[in-house]
Amino acid sequence: MSTSEKSSSTVKSADRVLDIFELFAEAGVRELSLMDISRRLELPASSVFKIVQNLVHRGYLEKDEHGKLFHLGYKIFQIGAQYAQHTNLTAEFQSIAQQIVSEVNEAVYLSIRSDRNILYIAEKQSTHPVRFVSHLGMQLPLHTTAMGKLFLSAMPDQEIAAMYESQSLGLLTDHTLSDMDQLLKQLHEIRRTGISYSKGEAVQGIQCVAAPIVNAKQEIVAAMSISIPLSRLDEQTWNQMEEQVLQGARKLSWLLYFQV
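The numbering of the sequence shown is my numbering, which starts it at 47 and goes up by one.
See below:
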């Protein structure tokens, strides 16, 4: 094969990868089968199979539990998170989070949803030597975190139950919610109050309070939280954290509203 033929083949493969990504974005569905992809892109199933398997191996696509349906994978969201660090949202978060740290001196986090997880995209740490330190791109299950529960609260109960139908909630600590009824009860309260909590459910000994960041359509696009170790927790600080996270999330939501 000549150099020009190799180059043409490489470009064609790259085009097909991009076509698959764009298909998931345009199809209006979360999952597609191999035949769905083949039919919609008018490509041979054998060619699609090789590309899809490579994308699964690299983390850009993920399979369902039966291995027949595919959806966008964690790698896409990690790249998105890195890009998001340079957007107005994260820049404004840093300014607002710094004000919060100045007030309560506890860590502040920003996350987006990544399928069944939250994905940390920004943080501002406290000056305390004892603290919970995340890293950008870290993911934790939705039901274990205060921020994750906010995203779940935006979904109908039936959709939440279906999402966990074939899989247990999963435990990270002794305090992680393991019962669907308990989770739904918490989500009903979050919808009523607009604020969410995690009490040692994701990280032992760490309590968090979170508030949603919404766009002009009142859709939750991100979440902000403040975390504190139990060793520093008292009623006055907790009340202050609740007030600060609500104010911070409202400021970021207001900024999003005027960017539309």
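Cβ atoms here follow ideal geometry from the backbone N, Cα and C, with glycine treated the same way.
Is the Cβ-Cβ distance between residue i and residue j less than 8 Å?
i, j, result
"Val154", "Glu169", "yes"
"Leu215", "Leu229", "yes"
"Leu80", "Arg62", "no"
"Ile259", "Ser199", "no"
"Ala262", "Leu135", "no"
"Ser244", "Ile236", "no"
"Val249", "Glu288", "no"
"Gln253", "Leu279", "yes"
Determine the closest residue to residue i out of the options, with distance taken between C-alpha atoms.
i, options, result
"Tyr166", "His174, Val150, Gly183, Glu152", "Gly183"
"Ile272", "Asp82, Glu211, Glu149", "Glu149"
"Ile274", "Glu265, Asn285, Tyr210", "Asn285"
"Phe116", "Ile122, Val102, Phe123", "Val102"
"Met209", "Phe67, His189, His234", "His189"
"Val291", "Met193, Asp227, Val249, Gly251", "Met193"
"Asp225", "Ile206, Gly240, Ala295", "Ile206"
"Ala71", "Leu107, Ser59, Phe95, Val94", "Leu107"
"Ser277", "Pro175, Ile266, Thr219", "Pro175"
"Lys297", "Ser93, Ile142, Asp110, Asn100", "Ile142"
"Arg162", "Met270, Arg76, Gly251, Ile252", "Arg76"
"Leu233", "Thr219, Gln204, Ile252", "Gln204"
"Thr222", "Gly246, Pro202, Met201, Gly105", "Gly246"
"Lys231", "Glu211, Pro202, Ala257", "Pro202"
"Arg104", "Ala91, Ile125, Ser93", "Ile125"
Go ahead and pull the three-state DSSP assignment for residue i.
i, result
"Lys325", "No answer is possible for residue 325: the residues shown for the chain start at 47 and end at 306."
"Glu77", "coil"
"Tyr120", "helix"
"Leu186", "strand"
"Val249", "coil"
"Trp300", "helix"
"Asp65", "helix"
"Lys170", "strand"
"Leu165", "strand"
"Ile272", "strand"
"Glu265", "coil"
"Glu152", "coil"
"Ser244", "strand"
"Ala257", "strand"
"Ser224", "coil"
"His132", "Residue placement at His132 is flagged as unreliable, the pLDDT there being 48, under the threshold of 50; the coordinate-derived value follows with that caveat. Correct three-state label for His132: coil."
"Met209", "helix"
"Thr191", "coil"
Opposite residue i in the DSSP bridges: which residues?
i, result
"Ser84", "None; Ser84 has no bridge partner."
"Lys109", "Phe116"
"Arg159", "Ile164"
Which whole-angstrom value is the C-beta distance of residue i and residue j, which I expect to be below 8 Å?
i, j, result
"Ile158", "Thr191", "With a Cβ gap of about 12 Å, Ile158 and Thr191 do not count as contacting."
"Ser160", "Gln185", "6 Å"
"Ile146", "Gly294", "6 Å"
"Leu87", "Leu64", "Leu87 to Leu64, Cβ: 11 Å. No contact."
"Ile83", "Val98", "7 Å"
"Met270", "Leu156", "6 Å"
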